[in-house]
Amino acid sequence: MPIVLRLDVMLARRKVRSNVLARAIGITDANLSLLKSGKVKGMKFETLEAICDFLDCQPGDLLEYQPEQPPDVVEQGVKRAG
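If you're matching positions, the sequence shown starts at 1 in the numbering used here and goes up one per residue.
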């Protein structure tokens with residue numbers, strides 16, 4: 001997945017437990033766990049806003065773009081030119 005939620009990092013920085021965040025923003029521990037694991041394809045902006053508000057951070061502190069490279073690009077990077 002090219003965009004990942006780095007919620008664990010921010011929780012550790014803020015010294016906040018997952019269950020505390022879940023209760024504060026009104027979602028279940030199970031749903032927060034799914035967000036943290038990357039098993040969801042998206043999230044509501046209102047959830048992202050609630051997380052940012054509680055953790056006093058910006059969306060960019062939580063979201064990271066990790067582009068996927070096509071297999072042939074990876075192979076070309078290993079081969080030497082000419």
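Beta carbons are placed, not taken as given, at the ideal position from N, Cα and C, and that holds for glycine.
This one's a predicted model, so the numbers in the text were calculated from it and none came from an experiment.
> Between the beta-carbon of Leu-62 and the beta-carbon of Arg-23, is there less than 9 Å?
Replying inline: Against a cut-off of 9 Å, the Cβ pair of Arg-23 and Leu-62 comes out as no contact.
> For Lys-41, which residues of its own chain have a beta-carbon under 6 Å away from its beta-carbon, when the five flanking residues on both sides are left out?
Replying inline: Short of 6 Å from the beta carbon of Lys-41, and not among the five residues preceding or following it, lies no beta carbon of its own chain.
> Is the beta carbon of Val-4 sitting closer than 9 Å to the one on Gly-38?
Replying inline: Taking 9 Å as the Cβ cut-off, Val-4 and Gly-38 qualify as a contacting pair.
>> Once the 5 residues before and after Leu-32 are set aside, which same chain residues still bring their CB inside 6 Å of it?
In response: Contacts found: Ser-18 and Ala-22.
>> In the DSSP output, which residue or residues are listed as bridge partners for Val-4?
In response: Within the DSSP bridge table, the entry for Val-4 names Glu-64 as partners.
>> Would Leu-48 and Leu-11 be called neighbours here (beta carbons separated by less than 9 Å)?
In response: Result no, Cβ atoms of Leu-48 and Leu-11 do not sit closer than 9 Å.
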